[in-house]
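Undergrad: Numbering (full-length UniProt numbering), first residue to last: 1 to 556.
One structure follows; several queries about it will come next.
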């Protein structure tokens, strides 16, 4: 029987050209799975493989080192069978296997991560190599409790994510970029400590910043003379790790006295070796961590192309801003997951829909770069590393736009969560003062909030259409109030949310019930419009069907 075929982008190593072709579909062996690819990003290694005669040691004719998709065929292992049909992020570190620029890819079991429901294929397609590289680097930082760091090649997706990671962990970091254009790319995540390699003042600025911030560990992926310049200026007992060589140049300029008399060290850091040596439990611990704080590792999406438009996609590639190849869309940028607004990439689709469904809020926020802080993604002014003044704060479960003081929501603002939204005044992060809270199912309360609860005179509307105006204590009806519902009006006293004490109800036909309530149940007399009086019971604050029937019977 003939093998099944699939569409794939293949690299002709002799001409270094790409072609779109039908090739046999791979078959997973023991310890492997077959993944139907949905999205795969264009990576710098892919570009190197196309443009250089020596494609970084990759022997595969299909490029692509990571992506997202769904497992469609498993091997005989229990683990593999358990994950059939699951949405996954994957990386292709085995150079003997075909890459990800294809409809299907065979992947070793340890090189894929099952994605949470709230992470779609676009977000998931690059959630392994860069995030895991950062966690690898973080292990070295934590091992000797370093607090001040240098990293080079900062104007790449990895570099930007690492800057966010430093903010998230309160590390002080020096960011080195190649050019002024690269520096501009960091405007959304970094305001200071950026050095431009091409600047005539680079050496002087580097020396001054190292003296000021005292970095004791550095990570370089450029190679050439830069690592030596950094290493020679760093303080005693510092560490330099080399994890790339994008300049494709030998290491040079290291001063031997830095090794002999200053206790400094230079070491290599190879991602594949590090990852392959991780234990299973450590690996899954990292997978959970990556998805829990995935907003830190989110990359901006420049464009999404169908696989058939690969030439345009490759031409648009930039080190900062992902260009994606999508197997499930037919037109450029037609993917439903693509977002036009920079901030919206940090919140889930469900929350985004709820934010966009609300009335427009006119609120001026400063044009400042995004920051990753403990609470999430923040756009606004920081004072002592705390949000201050007007700003926007996003995280996995909420969206806030409004004022801050000393790191907390203060004054007027709007908070949108998965189940409700509040617009009004805050005090130290808590609903306080005039405000309105609306549950997305339709329940709304409005009035004066004290420590997060509605107190005093207020207004409440239920999904059924029932409206209450009156007194509240801790968001419950308590005191005097009125209810209107379907042309029925109740006036009386309430206690902890239920009618309690004297009350009367005016019915649609203008009949009036008067009586006393206890725990929402009223006992009293119904005075009809024709003058007759009937004794009866009201359950809750609405007449039951039985009561209406008895009224009709007694009227015959």
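Cβ coordinates follow ideal geometry from the N, Cα and C atoms, glycine included.
Would you please state the rounded distance, in angstroms, between the beta carbons of residue 382 and residue 388? I believe it to be under 8 Å.
TA: Within the chain shown, residue 382 is the residue found at index 382, counting from 1. Within the chain shown, residue 388 is the residue found at index 388, counting from 1. 7 Å between Cβ atoms; contact.
Undergrad: With residue 269 and residue 136 assumed to form a contact (beta carbons below 8 Å), what rounded beta-carbon distance in angstroms separates them?
TA: Numbered from 1 along the chain shown, position 269 holds the residue referred to as residue 269. Numbered from 1 along the chain shown, position 136 holds the residue referred to as residue 136. With 8 Å as the limit, residue 269 and residue 136 qualify as a contact, their Cβ atoms being about 7 Å apart.
Undergrad: What are the boundary residues of the alpha helix (DSSP H) that includes residue 561?
TA: Within the shown structure, residues of the chain are numbered from 1 to 556, placing residue 561 beyond reach of any answer.
Undergrad: Can you name the start and end residues of the beta strand (DSSP E) that residue 472 belongs to?
TA: Here residue 472 corresponds to residue number 472 of the chain shown, with the count starting at 1. Here the beta strand (DSSP E) through residue 472 covers 467 to 473.
Undergrad: My assumption, with CB atoms under 8 Å, is that residue 64 sits in contact with residue 90. Please give the rounded CB distance.
TA: In the chain shown, counting from the first residue as 1, residue 64 sits at position 64. In the chain shown, counting from the first residue as 1, residue 90 sits at position 90. About 10 Å separates the two Cβ atoms, so there is no contact after all.
Undergrad: Following the continuous beta strand (DSSP E) through residue 205, name the residue where it begins and the one where it ends.
TA: Along the chain shown, read from residue 1 onward, the residue named residue 205 stands at position 205. Note, residue 205: premise wrong, no beta strand (DSSP E); alpha helix (DSSP H) at 202 to 213.
Undergrad: Looking only at its chain, what residues have a beta carbon closer than 6 Å to the beta carbon of residue 469, apart from the 5 residues adjacent to it on each side?
TA: Residue mapping note: residue 469 aligns to position 469 of the chain shown, counting from 1. Cβ neighbours of residue 469 beyond the five flanking positions: 459 and 482.
Undergrad: Rounding to the nearest angstrom, what Cα-Cα distance links residue 27 and residue 141 in this structure?
TA: Reading the chain shown from its first residue, position 27 is the one you call residue 27. Reading the chain shown from its first residue, position 141 is the one you call residue 141. Those two C-alpha atoms are separated by around 41 Å.
Undergrad: Please work out which residues of its chain come closer than 7 Å, Cβ to Cβ, to residue 5, disregarding the five sequence neighbours upstream and downstream, and give them in chain order.
TA: Taking the first residue of the chain shown as 1, we reach residue 5 at position 5. Closer than 7 Å at the Cβ level, and outside the excluded window around residue 5, lie 22, 23, 24 and 25.
Undergrad: Using three-state DSSP, classify residue 294 as helix, strand or coil.
TA: The residue labelled residue 294 in the question sits at position 294 within the chain shown. DSSP places residue 294 in helix when its eight states are reduced to three.
Undergrad: Would you please state the rounded distance, in angstroms, between the beta carbons of residue 146 and residue 216? I believe it to be under 8 Å.
TA: Along the chain shown, one-based indexing puts residue 146 at 146. Along the chain shown, one-based indexing puts residue 216 at 216. Yes, residue 146 and residue 216 are in contact; Cβ-Cβ is about 5 Å, under 8 Å.
Undergrad: Quick check for students: name the residue ranges of the alpha helix (DSSP H) that lie wholly in the segment 215 to 250, counting only runs of 4 or more.
TA: As far as the segment 215 to 250 is concerned, its whole alpha helix (DSSP H) runs of at least 4 residues are 226 to 233.
Undergrad: When the Cα atoms are used, what is the spatial distance from residue 172 to residue 404?
TA: For the purposes of this step, residue 172 is taken as the residue at position 172 of the chain shown. For the purposes of this step, residue 404 is taken as the residue at position 404 of the chain shown. The alpha-carbon atoms of residue 172 and residue 404 are separated by roughly 24 Å.
Undergrad: For the alpha helix (DSSP H) containing residue 354, list its first residue and its last residue.
TA: If you number the chain shown from 1, residue 354 lands on position 354. Residue 354 -> alpha helix (DSSP H) spans 349 to 357.
Undergrad: Enumerate in chain order the residues of its own chain whose CB-to-CB distance from residue 214 is below 8 Å, with the five nearest sequence positions on each side excluded.
TA: One-based indexing of the chain shown puts residue 214 at position 214. So the qualifying residues of the chain are 148 and 235.
Undergrad: Could you tell me the boundaries of the beta strand (DSSP E) in which residue 446 lies?
TA: Residue mapping note: residue 446 aligns to position 446 of the chain shown, counting from 1. Its beta strand (DSSP E) spans residues 444 to 450.
Undergrad: What three-state label does DSSP hand residue 306 in the structure shown?
TA: One-based indexing of the chain shown puts residue 306 at position 306. Residue 306: strand per DSSP, three-state reduction.
Undergrad: Quick check: the segment 173 to 190 against the segment 153 to 164, are there 3 or more CB pairs under 8 Å?
TA: Yes, the segment 173 to 190 is in contact with the segment 153 to 164.
Undergrad: Cutting at 7 Å between CB atoms, please list the residues of its own chain near residue 386, excluding the five before and the five after it.
TA: As a working mapping, residue 386 is identified with position 386 in the chain shown. So the qualifying residues of the chain are 406 and 407.
Undergrad: DSSP three-state call for residue 261: helix, strand or coil?
TA: For the purposes of this step, residue 261 is identified with residue 261 of the chain shown, where counting begins at 1. It is coil, neither helix nor strand.
Undergrad: Got a sec, what are the start and stop residues for the alpha helix (DSSP H) residue 168 sits in?
TA: Counting from one through the chain shown, the residue named residue 168 turns up at place 168. Per DSSP, residue 168 belongs to the alpha helix (DSSP H) from 157 to 169.
Undergrad: Measuring CA to CA, which of 226, 272 and 287 is closest to residue 114?
TA: Indexing the chain shown from 1 puts residue 114 at position 114. Comparing Cα positions, the closest option is 287.
Undergrad: Taking just the CA atoms, how far does residue 523 sit from residue 538?
TA: Here residue 538 refers to the residue found at position 538 of the chain shown. Here residue 523 refers to the residue found at position 523 of the chain shown. Going by the C-alpha atoms only, they are around 6 Å apart.
Undergrad: Report the rounded CA-to-CA distance for residue 334 versus residue 457, giving the unit in angstroms.
TA: Reading the chain shown from its first residue, position 334 is the one you call residue 334. Reading the chain shown from its first residue, position 457 is the one you call residue 457. Confidence at residue 334 is low in this model, with a pLDDT of 33, below 50, so its placement is unreliable and no value can be given for it.
Undergrad: So residue 44 is in the alpha helix (DSSP H); what residue range does that whole segment cover?
TA: In the chain shown, counting from the first residue as 1, residue 44 sits at position 44. Per DSSP, residue 44 belongs to the alpha helix (DSSP H) from 44 to 51.
Undergrad: Given this structure, state the Cα-to-Cα distance separating residue 211 from residue 218, to the nearest angstrom.
TA: If you number the chain shown from 1, residue 211 lands on position 211. If you number the chain shown from 1, residue 218 lands on position 218. Rounded to the nearest angstrom, the two C-alpha atoms are 14 Å apart.
Undergrad: Tell me whether the beta-carbon of residue 308 lies closer than 8 Å to the beta-carbon of residue 20.
TA: For the purposes of this step, residue 308 is taken as residue 308 along the chain shown, with counting starting at 1. For the purposes of this step, residue 20 is taken as residue 20 along the chain shown, with counting starting at 1. The answer is yes: Cβ separation under 8 Å.
Undergrad: Please report the residue range of the alpha helix (DSSP H) in which residue 272 lies.
TA: Locating residue 272 in the chain shown gives position 272, where the first residue counts as 1. It spans 271 to 276 - the alpha helix (DSSP H) in which residue 272 sits, taken as one unbroken run.
Undergrad: Judging by CA-CA distance, which residue of 495, 497, 528 and 492 is the nearest neighbour of residue 508?
TA: The residue you call residue 508 lines up with position 508 of the chain shown. The option with the nearest alpha carbon to residue 508 is 528.
Undergrad: If you draw a straight line from the C-alpha of residue 360 to the C-alpha of residue 185, how long is it?
TA: Locating residue 360 in the chain shown gives position 360, where the first residue counts as 1. Locating residue 185 in the chain shown gives position 185, where the first residue counts as 1. Approximately 30 Å between the Cα atoms of the pair.
Undergrad: Compare the Cα-Cα distances from residue 123 to each of 467, 413 and 349 and report the closest residue.
TA: For the purposes of this step, residue 123 is identified with residue 123 of the chain shown, where counting begins at 1. Considering only alpha carbons, the answer is 349.
Undergrad: For residue 160, collect the residues of the same chain with a Cβ closer than 6 Å to its Cβ; drop the 5 residues on either side in sequence, then sort them by chain order.
TA: If you number the chain shown from 1, residue 160 lands on position 160. 189.
Undergrad: So, do the segment 273 to 281 and the segment 250 to 259 have three or more beta carbon pairs nearer to each other than 8 Å?
TA: Segments in contact, no.
Undergrad: Using CA coordinates, which residue listed in 195, 43 and 39 is at the minimum distance from residue 318?
TA: Locating residue 318 in the chain shown gives position 318, counting from the first residue. When each option's Cα is compared against that of residue 318, the closest is 43.
Undergrad: Assuming residue 105 and residue 37 make a contact with CB atoms under 8 Å, what is their CB distance in whole Å?
TA: Stepping through the chain shown from its first residue, residue 105 is reached at position 105. Stepping through the chain shown from its first residue, residue 37 is reached at position 37. About 6 Å separates the two Cβ atoms, so the contact holds.
Undergrad: Since residue 455 is in the alpha helix (DSSP H), which residue starts that stretch and which ends it?
TA: For the purposes of this step, residue 455 is identified with residue 455 of the chain shown, where counting begins at 1. It is not in any alpha helix (DSSP H) - residue 455 instead sits in the beta strand (DSSP E) that spans 453 to 461.
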